[in-house]
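Numbering (the working numbering), first residue to last: 9 to 130.
Printed below as a string of structure tokens:
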């Protein structure tokens, strides 16, 4: 039994996220915000030809007035008056960078958990 293989070097994009604005970094790496906080996530892809995209789980509209995306690399949560993110909920925000290679498409991603502070009770 003989099997012929052809190895092709294909880089997988690396994605890095930076967070700025009104948040508290928790010991588990998640960030905690108030529902009316303003913060931004900036994604950097290691490959210039990469196509950036954003997603959020559970689903929330990544559109105005709650979110603004001036470029594919930055996502800004405007907070004030938007109530797009529900107090007491946690969200997984993901940035993906996709690059078409010789044989297949490669995708790299980075994630940030965002916890929305619950309002005071009592």
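The beta carbon of each residue, even a glycine, is placed where N, CA and C say it ideally should be.
For residue i, does the three-state DSSP call read helix, strand or coil?
{"i": "residue 20", "result": "coil"}
{"i": "residue 34", "result": "coil"}
{"i": "residue 110", "result": "coil"}
{"i": "residue 27", "result": "strand"}
{"i": "residue 94", "result": "coil"}
{"i": "residue 13", "result": "coil"}
{"i": "residue 118", "result": "strand"}
{"i": "residue 103", "result": "strand"}
{"i": "residue 82", "result": "strand"}
{"i": "residue 68", "result": "coil"}
{"i": "residue 46", "result": "coil"}
{"i": "residue 63", "result": "strand"}
{"i": "residue 126", "result": "coil"}
{"i": "residue 51", "result": "strand"}
Using 10 angstroms around the beta-carbon of residue i, count the other beta-carbons present and answer buried if the total reaches 16, otherwise exposed.
{"i": "residue 103", "result": "buried"}
{"i": "residue 83", "result": "buried"}
{"i": "residue 9", "result": "exposed"}
{"i": "residue 23", "result": "buried"}
{"i": "residue 21", "result": "buried"}
{"i": "residue 140", "result": "Absent from the model: residue 140. The displayed extent of the chain is 9 to 130, so no value can be given."}
{"i": "residue 34", "result": "exposed"}
Going along the chain, which residues of its own chain have a beta-carbon closer than 7 Å to the beta-carbon of residue i, five neighbours each way excluded?
{"i": "residue 28", "result": "47, 48"}
{"i": "residue 16", "result": "110, 111"}
How close, in whole Å, do the beta carbons of residue i and residue j come, if the pair is a contact with beta carbons under 8 Å?
{"i": "residue 18", "j": "residue 118", "result": "No, residue 18 and residue 118 are not in contact; Cβ-Cβ is about 20 Å, not under 8 Å."}
{"i": "residue 51", "j": "residue 25", "result": "6 Å"}
Considering only residues of the same chain and omitting the five flanking positions on each side of residue i, which have a CB-CB separation below 6 Å?
{"i": "residue 116", "result": "20, 21, 22, 23, 105"}
Identify, in the order they occur along the chain, each residue of the same chain with its Cβ nearer than 8 Å to the Cβ of residue i, setting aside the five sequence neighbours on each side.
{"i": "residue 45", "result": "29, 30, 31, 85, 87"}
{"i": "residue 98", "result": "38, 121, 122, 123, 124"}
Check your understanding: Can you find at least 3 beta carbon pairs, one from the stretch 91 to 98 and one from the stretch 53 to 62, that sit closer than 8 Å?
Key -> When Cβ pairs closer than 8 Å are counted between the two stretches, the stretch 91 to 98 is seen not to touch the stretch 53 to 62, the count staying below three.
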